[in-house]
Amino acid sequence: MAAVARRWDIPLHKPFARLTERQRRLLFEGNGQPGLSGELLALIESGEAGEGLRRLQSERACESCQGRRLNDRAQAVRVLGRTIWETVQEPVADAHRTLSRYEFGARDAAIASNVMKEILPRLRFGQRFNEETLAVTYGGKNIAQVLAMHVEEAADFFAAVPDVARPLRLLADIGLGYLTLGQGSNTLSGGEAQRIKLAYELGKESRGRTFYALDEPTTGLHFADIEHLIRVLHRLVDLGNTVVTIEHNLDILKEADWVIDLGPEGGAGGGRVVYMGPVTGLLDCRGSHTAEHLRRFSRR
């Protein structure tokens, strides 16, 4: 905040209520250079935000567009009686079938012909199945519709088929319920890929004695899903396995049986073992930045 205030010559000693309207706007929105809101957003998106800052985040739908990311003019446009938002929510297979069978009038056909030449091949490529395959359904859904389902939804949909529902429920339990079944593996983040591997391991018949090394598996996870991940890690350990994770998340850290804290600084100023032992002992370590943050975190 001090850096942003200096950027616009805003006095730090003056109460916020006594700032002019222009000064308040510059402080929060900036002008050519980011203000406080822009700086905070960049910090959060970079992944460098501290635990305290991330805990202040929340998601809220835009009051104007209700989360559709369309202005009033765009939402007023209708295609085949549907708004743009309603159209893009439709499964790919249904959209292809609807558009390919629709008969445009002479005037509309002249306008739509070039657009349809672009859209239809993309929809056909996306659904990857011919009409004969799409005619086969389960529970009223064809294969394209099933692959478009989110993991959470699919776990409920296949509840009567335990061999299918169980791995889907494991994925949902570790915070991956938002993925679609047909999502390509090349679109997954590193944290998502690791958690899928965890779900696979939990789904196997375990004899224990397996070593798991995880690199920041909480990356991108909502706070509620971190709790799910912690339970999964405990289950792996309870089965007789060993789990080692490189992690900065304090929720994960305070659950650890053994901590190795490297530091005391980052980069060239680090690389030394500052503390090694139970997490309870780390709280008493005075030369560790990690211990300092963990003490504040534990007092909440």
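This note's numbering numbers the first residue of the sequence shown as -2 and each following residue consecutively. Every residue, glycine too, gets a C-beta built ideally from N, C-alpha and C. Every value quoted in this text rests on a predicted model; they were computed, and no experiment measured them.
Asked: Residues bridged to P210 (per DSSP); Found: At residue 210 the sequence reads Ala, which differs from the Pro that was named. According to DSSP, which records beta bridges pairwise, A210 is partnered with V241.
Asked: P214 classed as buried or exposed, judged by whether at least 16 other C-beta atoms fall within 10 angstroms; Found: buried
Asked: DSSP bridge partner residues for P31 (one or two, in chain order); Found: G27
Asked: Beta-carbon gap between L313 and A145 smaller than 9 Å; Found: The structure shown does not extend to residue 313, since the chain spans only -2 to 297, so no value can be given for it.
Asked: Whole-angstrom C-beta distance between D258 and T239, which should lie under 8 Å; Found: So it is not a contact: roughly 19 Å between Cβ atoms.
Asked: Those residues which DSSP pairs with V270 across a bridge; Found: L259
Asked: Three CB pairs or more closer than 8 Å across the region 277 to 284 and the region 244 to 261; Found: yes
Asked: Among L168, L117, D212, nearest to E308 - alpha-carbon criterion; Found: Only positions -2 to 297 of the chain appear in this structure, which leaves residue 308 out of reach.
Asked: Residues of its chain near V148, where Cβ-Cβ distance is below 8 Å and the 5 sequence neighbours each way are ignored; Found: L165, L168, A169, L173, G174, Y175, L176, T177, L178
Asked: Own chain, CB closer than 6 Å to A152, minus 5 neighbours either side, in chain order; Found: A162, L165, R166, A169
Asked: Validate contact between the region 0 to 9 and the region 17 to 29 using beta carbons, cut 8 Å, 3 pairs; Found: yes
Asked: Buried versus exposed call for Y272 [16 or more other C-beta atoms within 10 Å across all chains shown]; Found: buried
Asked: Identity of the residues DSSP links to T215 by a beta bridge; Found: T215 is not bridged to any residue.
Asked: Alpha-carbon to alpha-carbon, R70 and M113; Found: 22 Å
Asked: F101 classed as buried or exposed, judged by whether at least 16 other C-beta atoms fall within 10 angstroms; Found: exposed
Asked: Within 9 Å, strictly: CB atoms of G181 and T216; Found: no
Asked: Cutoff 7 Å; reference R283; Cβ partners in own chain excluding five residues on either side; Found: none
Asked: Boundaries of the alpha helix (DSSP H) in which F294 is found, first to last residue; Found: 286 to 295
Asked: Backbone secondary structure at R65 - three-state DSSP; Found: coil
Asked: Cβ distance (whole Å) where L211 is taken to contact T242 below 8 Å; Found: 4 Å
Asked: Simplified DSSP assignment, three categories, for H225; Found: helix
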